[in-house]
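Residue numbers (the working numbering): 135 to 455. Built from N, CA and C at the ideal position, the CB exists for glycine as well.
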């Protein structure tokens with residue numbers, strides 16, 4: 135687990151203090167060793183992100199605004215390449231270049247540190263860096279490496295595995311970005327408890343999570359989640375023990391929407407978009423659709439309203455990955 139000390143402090147870029155004021159190009163990597171490897175192997179200024187490929191906080195986006203060219207050298211795996219594309223959108227696609235091994239290269243290092251250890255021509259990799267392709271115009275050559283990577287690494291394509299509920303992995307193959315999953319069932323069978331446990335499990339593995347609870351107030355939901363997190367009823371704790379557990383829980387990348395009851399779907403999507411951009415959220419839970427759309431239609435209109443909401447959420451999941 136990672137946390138900021140002192141509490142409430144800001145994230146920083148490792149190595150940023152070494153970047154000259156006149157530099158107009160910079161290499162951004164996932165880890166500290168990668169940043170040092172890039173500088174050693176190419177001479178270019180390099181920094182690393184505080185939370186790997188999962189997060190680029192807005193304050194750090196501002197720190198990179200002055201650079202004309204930004205090389206994104208993320209790990210050559212599915213999370214790394216997804217993160218690189220997401221970060222390029224934040225930083226400006228026009229000035230970002232993606233660094234990764236050539237499709238036909240015999241040696242394909244996973245990251246910059248491995249490239250240095252293997253003696254790969256790192257300057258050559260930077261020279262061959264390519265811009266982010268237009269999302270709607272692709273050739274097979276642009277997909278070829280990704281296709282082979284999924285074939286060679288089937289477990290990566292299955293998503294983040296749930297450690298506490300292995301049966302979930304057999305059914306849905308873990309948490310995969312870009313998917314919309316609908317969980318349904320009778321009242322009182324434990325849908326919210328299941329979603330709460332899944333969100334905690336993924337969040338503890340670094341998946342930034344956003345909760346939209348339209349049936350249960352956030353404070354009550356947080357109390358339930360806190361009890362699940364520590365495996366103990368909160369009423370059995372004293373204030374000191376509660377504070378210790380709450381501090382740990384607070385360090386998780388978990389966020390909550392303030393909506394409750396009937397809410398316009400476009401307002402919900404606007405909040406989701408903000409959370410994706412600002413907090414790098416990649417897992418959104420909406421509990422539940424019936425309460426969110428209650429009172430927004432009569433008779434069969436209710437079902438049409440729910441269909442429209444699902445369609446908008448499906449599109450959001452696809453577009454925001």
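In terms of Cα proximity to residue 295, the closest of 322, 341 and 325 is 341. Around the C-beta of residue 282, fewer than 16 other C-beta atoms lie within 10 Å, and the residue is accordingly described as exposed. Between residue 205 and the set 188, 320, 179 and 193, the nearest pair of CA atoms involves 179. Cβ-Cβ distances below 6 Å link residue 391 to 346 and 405 in the same chain, with the five nearest sequence neighbours on each side left out; the list follows chain order.
Three or more beta-carbon pairs separated by less than 8 Å are not found between the region 396-414 and the region 361-368, which leaves the two stretches without contact. Of the residues 449, 227 and 429, the one whose Cα lies closest to the Cα of residue 312 is 449. In this structure, the CA atom of residue 403 is about 12 Å from the CA atom of residue 445. Counting only runs of at least 3 residues, the region 143-226 fully encloses the following beta strand (DSSP E) elements, listed from N- to C-terminal order: 159-163, 180-182 and 203-207.
Residue environment analysis places residue 241 among the exposed positions, since fewer than 16 neighbouring C-beta atoms fall within 10 angstroms of its C-beta. Here DSSP, grouped into helix, strand and coil, assigns residue 452 to helix. Judged by DSSP secondary structure, residue 346 falls within the beta strand (DSSP E) whose first and last residues are 343-347. The C-beta distance from residue 244 to residue 211 rounds to 7 Å, short enough to meet the 8 Å contact threshold. Contact between the region 381-391 and the region 406-415 is present: three or more C-beta pairs spanning the two stretches fall below 8 Å. Judged by their CB atoms, residue 318 and residue 349 are not nearer to each other than the 9 Å cut-off.
Cβ neighbours of residue 426 within its own chain (closer than 6 Å, five residues either side excluded): 348 and 397. Under the DSSP assignment, residue 410 falls in the alpha helix (DSSP H) whose first and last residues are 399-413.
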